[in-house]
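Before any comments, here is the structure.
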Amino acid sequence: MTTTRDLREAAGTEPITMLTAYDASTAAVVEEAEIDVILVGDSMGNTVLGYDSTLPVTVEEVQSRTAAVARATTEPLVVADMPFLSFGVSEADSVENAGRMLKEADADAVKLECGPHTVETTERLVEVGVPVMAHLGLTPQHVNQLGGYRRQGTDEAAARELLELAEAHEEAGAFALVLEHVPANLAEQVTAALETPTIGIGAGPETDGQVLVITDVLGLSERAPPFAEQFGDVREEMADAVESFRTAVEEREFPAEEHSHHESELDDIY
Ligand code: KIV
């Protein structure tokens, strides 16, 4: 079983692999591929729940999906993403909501989209025993403030601020740091400055690990960000399978003899 300590030890030696998953069957495939970390991301809002952002995702939705992923896997570290406004507003709510992910959904850790306001939250959660993965750079829960899903850390002041925030979250006890959509040289600098492992998404090759959203990897997303790579074409496979089913039913090829059974005694009963 992968632990937060394993990730810290892997930093700088072996690339850490992380993918999102939101259900048991996908999580089982991800585990079979020996991925280190499964993130039950609030990206579920866009990818599987039909919202047009991550903002409407609720604690209950992440909790239920995390529980499904945790039931289906034993090896990967399971990280539950804390939804918009479920943390960082009041300390008591942050602890209660994060606690539910560990106590009721069997997550191993939580992820917070971070800013200056989450340094204390991270410290408090770590203090009470909730491992925290900090997420910096493009934080989609701030989409309305950022004016879109834009690259972050692109000028000197913003880069310095990001580095300082990364250091503050390391100091607060975060066990890993996600860096999203930031310049590769900034991610490299943050990675060199921290002992905490960095996991990049759109952050170049020099982070300690890489994460992508599973639907982008599988080729299931309608739209993918420019930094994602499609490693399969599951959408096409699904469309073919569904169309084949329709055709088979319409042409009365399904169900075939092997899908049906006949009870000879029924004639005697009726
Ligand atoms: O919600 C999510 O899937 C994420 C990843 C993109 C890191 O936060």
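Quick note on this note's numbering: the sequence shown kicks off at 282 and runs consecutively. Using N, Cα and C, we set each Cβ at its ideal position, and we do this for glycine too. The structure displayed is predicted, hence computed values, not measured ones.
Valine 463 vs glutamine 433 beta-carbon contact at 8 angstroms: yes
Three-state secondary structure assigned by DSSP to isoleucine 495: helix
Every unbroken alpha helix (DSSP H) within the segment 347-405, with a cutoff of 4 residues, ordered by chain: 372-384
Buried or exposed (CB count within 10 angstroms, at least 16 for buried), phenylalanine 535: exposed
Alpha-carbon spacing of aspartate 521 relative to serine 324, whole angstroms: 26 angstroms
Exposure label - phenylalanine 368; buried when at least 16 CB within 10 Å: buried
Of the listed residues Val360, Arg289 and Arg441, nearest to alanine 390 (C-alpha basis): Val360
Contacting residues, own chain, Cβ-Cβ under 6 angstroms from proline 421 (five flanking each side not counted): Thr335
Closest by C-alpha distance to leucine 393, when choosing among Ala386, Met382 and Asp387: Met382
Cβ shell of aspartate 497 (< 8 angstroms), same chain only, five flanking positions each side left out: Ala505, Pro506, Ala509, Glu510 and Gln511
Stretch pair the segment 350-357 + the segment 408-421: three plus CB contacts closer than 8 angstroms: no
Supposed contact pair threonine 301 and glycine 322 - C-beta distance, whole angstroms, cut 8 angstroms: 4 angstroms
Nearest to aspartate 287 (by Cα), restricted to the options Val311, Asp317, His398 and Arg431: Asp317
CB contact flag (glycine 429, leucine 460, <8 angstroms): no
C-beta contact flag for aspartate 514 and glycine 500 at 8 angstroms: yes
As assigned by DSSP and simplified to three states, the class of leucine 460: strand
Burial state of serine 375 (16 or more Cβ within 10 Å): buried
Closest Cα partner of histidine 398 within the set His450, Pro412 and Ala388: His450
Residue span of the beta strand (DSSP E) that contains methionine 325, given as start and end: Not the beta strand (DSSP E): methionine 325 falls in the alpha helix (DSSP H), residues 325-328.
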